[in-house]
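Quick note: the sequence shown uses the working numbering, first residue -16, plus one each step.
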Amino acid sequence: MRDPAHQHPTRPLLRIPQVERLLAQMTLAEKAGQMSQYPGRRADPEQIAEDIRQGKVGSILNAGTLERRNELQHIAVEESRLGIPLVFGRDVIHGYRTAFPIPLGQAASFDPILVERAAAVAAREASEAGIDWTFAPMVDISRDPRWGRVAESCGEDPFLASELGAAMVRGFQGQDLRDPTHIAACAKHYAGYGAAEGGKDYNSTHLPEQLLREVYLAPFRACVEAGVLTLMSAFNDLNGIPASGNELTLRRILKGEWDFLGVVVSDWASMREMIQHGICTDEREVAIQALRAGVDLEMASRCYQQHLPELVESGVVPPELVDDAARRVLNVKHQLGLFDLPYAETPKSSVAVCAEHRELARQAARESAVLLKNEQGILPLGKDLRRLAVIGPLADDPQEQIGCWAFDARAEDSVTLLDALRDRLRDAVTIEFAPGIPDCRSSDRGGFAEAVAAARRAEVVLVCLGEIANMSGEARCRAFLDLPGVQTDLLRELSETETPIVLVVMAGRPLVIGAECKLARAVLYAWHGGTMAGPGLADVLLGDVAPSGKLPVTFPRTVGQIPIYYAHKNTGRPPQDDGKRIPTGTPLDPRGMNSSYLDVEASPEFPFGFGLSYTTFDYDRLSVSPLRTPVGGSVTVTARVTNAGRLAGDEVVQLYVRDLVGSVTRPVRELKGFTRVHLAPGESTQVEFVVTSQMLAFPGRDMSSTTESGKFQVFVGGDSRATLTTEFELE
Ligand code: BGC
């Protein structure tokens, strides 16, 4: 059998003279060293220092403090033979000291400008601490809310994740990588990690290549086009081949078809885990498979460092593959300016959690909150309110509101919802706080009576329920998606007081909350909103701004509906209506022979793109021009949006397209554009979207990108159920 690496030779790379000169002087062991990343804190510090001195390490993740970082860097630069600087990485996922809403919450803002600015703030704060490189954005498409890492994602849709992933890359990396306030980004986890079977982390994924390319790879490609410097190969086995040894996704698609010139870093020991996957017998074989597949830098395990020199010397792996990988690592260091400025400087005055950053985090918390229900306009809370009960442990938990994967944000910097309301309402409103339950997972009902009594005395009861931060994120998967502990029981008892309930849900994922929504007059889905969750939510609840977040994921009615997502296929037998009526007494009845469940409606609890405001928006005058365009051309879709209510507000206008007939079946709708508009009461605006035929391309039967002629239906509206529609044709 021919060596697969030779069938797909490494594409020519950008050559940087300084790097090429260095490469020419390096031993095989030094090259393998550049391809090794050590965790900075777990291992023995003396050993790390010695290995750096010997040129066995190219990168460190989680160095700890800036001082420790510089100490290690001094060893690399001054004591190793070639003086090659290390590159220091860390997970800076949704902020650094200033935590922004979890990525899924940021995605609900449908606001790439905000998301880019948030990433730029994170980069600025992280770079002050000596971090050169973040392992973000996470652009895994996730259509299963049981999976804990949905919190770190931009949700279910490839277009939204592409737009926001690219925005994060621009925010982290800026215009000039040598600018010390920017850091390298890393699109992760390549590929298919979010499709873990059963929503269980690290589980196998099975994705036909067509779906893989069209949905799961699309946001990675967008990040590559946005100039992302690095990508991370995932833990999962994809169609039987672990992602960190997957030649198709890494070498052929990423480095071949997309011409990616940056670094592929493996996820934490995901290379060595190929032994557990049962695809390699030992670490030597791991090194062979990962190198051939295209992993350049090994995180945490040491298969490259231990085996590459011997593998090249014995002719098992071609030296060019090692050169290519080491070159990529060195190129990234060069692009980051580390050869010239290897040390991080403590800033004279720190910008961490400064007023400007807090203000942006507050805006992000505001824009990410999604109003799911608002009966009788109970929100915003009225100016005549005098007594408010605030119930629920999450209303005043500075740590939990930060959300998962935030190592550097501190509870002492957080402002909770209770703090913010007290601050805003002062003497005008009497606020009584009773957590009701010690924490949201507890089954202790000891605090119910006090909460109920407070609710009885109040005009409105604000109940803040949900998940603690650590119930989402890596390895935090759930088989049940209801509110944990006795939170629903508490809500039920509160509802018996008949004091109107405003429910605020803080969670890292969509929860199954249909029953809870019935008990409340209004429901605001707040995700984990970060450092400034409290003030941001108070701004919305008190009506300074109308809510404008939209769901970046479909909310199921029950776990049994999962996977449920808006861009599904039509099937040969789409459900006719919501609910089936199967008569008794007949062996088989033609009614209800369609793709749906007997015991739950076909529709979700809340659809993708959904979110209410304090006002309403009307849509009309939809038109497409021209009505026919050749393949290669484009059409302009316009529609009028009017604020039909009495309050000002932002609306996220969404454009969906349906390709009516294709050579492979097409989704019933696909998001192809969105824009945020601000409208005063009574004001109208015309929105315009350009749809190029390239945007309608998809991987055809032979997997190459095809654009097919035919009719396309367009929909414009405020969520994925938009009804205003028209058609155009590609010729
Ligand atoms: C996670 C990655 C993360 C890495 C480094 C892994 O466990 O899957 O997302 O970047 O650790 O912390």
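Virtual Cβ for every residue (Gly too), placed ideally from N, Cα, C.
With a 10 Å radius around its C-beta and 16 neighbouring C-beta atoms as the bar for buried, classify residue i as buried or exposed.
i	result
residue 71	buried
residue 578	exposed
residue 342	exposed
residue 565	exposed
residue 576	exposed
residue 7	exposed
residue 326	exposed
residue 340	buried
residue 397	buried
residue 571	exposed
residue 655	buried
residue 191	exposed
residue 232	buried
residue 284	buried
residue 2	buried
residue 219	buried
residue 650	buried
residue 19	buried
residue 202	buried
residue 242	exposed
residue 710	exposed
residue 484	buried
residue 553	exposed
residue 613	exposed
residue -12	For residue -12, the predicted model reports a pLDDT of 36, less than 50, meaning its position is unreliable; a value from the coordinates is still stated below. Result: buried.
residue 0	exposed
residue 123	buried
Does at least one heavy atom of the ligand BGC sit under 6 Å from the Cβ of residue i?
i	result
residue 775	What is shown of the chain runs -16 to 714, which leaves residue 775 out entirely.
residue 118	yes
residue 422	no
residue 380	no
residue 391	no
residue 74	yes
Provide the residue(s) that pair with residue i in DSSP beta bridges, ordered along the chain.
i	result
residue 82	78
residue 464	Residue 464 is not bridged to any residue.
residue 357	505
residue 552	650
residue 656	638
residue 693	713
residue 395	Note: residue 395 sits in no beta bridge, so no partner.
residue 682	688
residue 340	Its beta-bridge partners do not exist; DSSP assigns none.
residue 400	DSSP, once it has assigned bridges, lists no residue as partnering residue 400.
residue 171	121
residue 282	20
residue 189	Residue 189 pairs with nothing; no bridge assigned.
Cβ contact check for the stretch 171 to 190 and the stretch 211 to 224: 3 or more pairs under 8 Å
The count of Cβ pairs closer than 8 Å, one atom from the stretch 171 to 190 and one from the stretch 211 to 224, reaches three, so the stretches are in contact.
Segment contact, 8 Å Cβ cut-off, at least three pairs: the stretch 700 to 709 with the stretch 591 to 610:
Taking 8 Å as the limit for Cβ pairs, the verdict is that the stretch 591 to 610 does touch the stretch 700 to 709.
Counting pairs of Cβ atoms below 8 Å between the stretch 362 to 375 and the stretch 435 to 444, do you hit three or more?
Output reads yes: the stretch 435 to 444 touches the stretch 362 to 375.
Pairing CB atoms from the stretch 493 to 513 with CB atoms from the stretch 321 to 340, are three or more of them under 8 Å?
With a cut-off of 8 Å on Cβ pairs, the stretch 493 to 513 is not in contact with the stretch 321 to 340, counting fewer than three such pairs.
Is the stretch 303 to 312 close to the stretch 43 to 56, with three or more CB pairs under 8 Å?
No, the stretch 303 to 312 is not in contact with the stretch 43 to 56.
Is the number of C-beta pairs between the stretch 309 to 322 and the stretch 58 to 70 that are closer than 8 Å three or more?
Output reads yes: the stretch 58 to 70 touches the stretch 309 to 322.
Three-pair Cβ contact test at 8 Å for the stretch 84 to 96 versus the stretch 500 to 514:
Flag = yes, the stretch 84 to 96 and the stretch 500 to 514 touch.
Okay, do the stretch 458 to 471 and the stretch 394 to 413 touch, 3+ Cβ pairs below 8 Å being the bar?
When C-beta atoms of the stretch 458 to 471 are compared with those of the stretch 394 to 413, fewer than three pairs fall below 8 Å, so the two segments do not count as touching.
Is the stretch 239 to 252 in contact with the stretch 269 to 284, if contact means three or more CB pairs nearer than 8 Å?
Contact between the stretch 239 to 252 and the stretch 269 to 284 is present, because at least three Cβ pairs lie under 8 Å.
Determine contact between the stretch 540 to 552 and the stretch 597 to 613, defined as no fewer than three beta-carbon pairs at a distance below 8 Å.
Contact between the stretch 540 to 552 and the stretch 597 to 613 is absent, because fewer than three Cβ pairs lie under 8 Å.
Quick one: any contact between the stretch 154 to 167 and the stretch 98 to 116, if contact means 3 or more CB pairs under 8 Å?
Counting Cβ pairs under 8 Å, three or more are found: they touch.
Flag this pair as touching only if the stretch 660 to 675 and the stretch 621 to 634 have three or more C-beta atom pairs under 8 Å; answer yes or no.
Segments in contact, yes.
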